[in-house]
Amino acid sequence: MIRTLSSLLAAVLGAALLGGCADHGMDTPGSEAVIYAEQHRFDLSPKGKDASAMKTKMSELVAQFDADAARFVLHHAPAWERQAKQLRQSLLADGLNPGRITLVEDTRLDTPISLRVALWKTQTSECPAHSLKQPYPRLGCAVDANRVTHTRHPDSQAKGGL
41 MIRTLSSLLA AVLGAALLGG CADHGMDTPG SEAVIYAEQH RFDLSPKGKD ASAMKTKMSE
101 LVAQFDADAA RFVLHHAPAW ERQAKQLRQS LLADGLNPGR ITLVEDTRLD TPISLRVALW
161 KTQTSECPAH SLKQPYPRLG CAVDANRVTH TRHPDSQAKG GL
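Residues 41 to 202 (this note's numbering) are what the sequence shown spells out, left to right.
Encoded structure:
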């Protein structure tokens, strides 16, 4: 009887082990994303102290970036504070959010005015194609990739700051 019971137990355990095996390991669900800071620097050397000549150039530079995602920092030499404020007002008149433009006095500049643009970018992994003949690899990959790509402020998802 003990021998029958142990044979039965061995058969049940063997069936459970064989039934639990899969043809492949479970892939990690979701997707991975890299969130990185992108920074640009534009040094402006105007002729004279007239800021009107720089307004057009500044507007052209700012138009290259997503105004809702980028942060604009206008560094200026101490003697150029008035012109920097005029440039900031010009950018505000162009429709930039006042919270996205900062003025910073900088005594270490090589040029009188320097525009720094900082924004966060995301890069997601490629999601494999789905086949009806096999289980979906990396379940939820496309949903996660779209969610991360369309995050308005990816910097809220990253550790650290600019």
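For every residue, glycine included, the Cβ atom is placed at its ideal position computed from N, Cα and C.
Approximately 7 Å separates the beta-carbon atoms of R140 and A110; this is inside 8 Å, confirming the contact. Contact between M98 and L127 holds: their C-beta atoms lie close to 5 Å from each other, under 8 Å. Beyond the five residues adjoining it in sequence on each side, V74 comes within less than 6 Å, by CB distance, of Q163 in the same chain, given in chain order. Distances from the CA of V113 to each of A103, A124, A119 were compared; the closest alpha carbon is that of A124. Nearest Cα to A103 within the set D134, S85, M94: D134. Shown here for T147: same chain residues with a beta carbon closer than 8 Å to its own, the five before and five after excluded, namely A117, P118 in chain order.
Bounds of the beta strand (DSSP E) holding Q163 are 153-164. Per DSSP, reduced to three states, the secondary structure at Q104 is coil, with no helix or strand assignment. For L149, there is no enclosing beta strand (DSSP E), as DSSP marks it with neither H nor E.
Scanning its chain for C-beta atoms nearer than 6 Å, with the 5 sequence neighbours on each side dropped, one finds around P152 the residues A117, W120, in chain order. Within the DSSP secondary-structure output, E121 pairs in no beta bridge. The continuous beta strand (DSSP E) containing L114 extends over residues 111-116. Looking from the CA of P168, the closest CA among A158, L84, C181, Q129 belongs to C181. With respect to the C-alpha of H115, the residue from S130, L155, L159, D108 having the closest C-alpha is L155.
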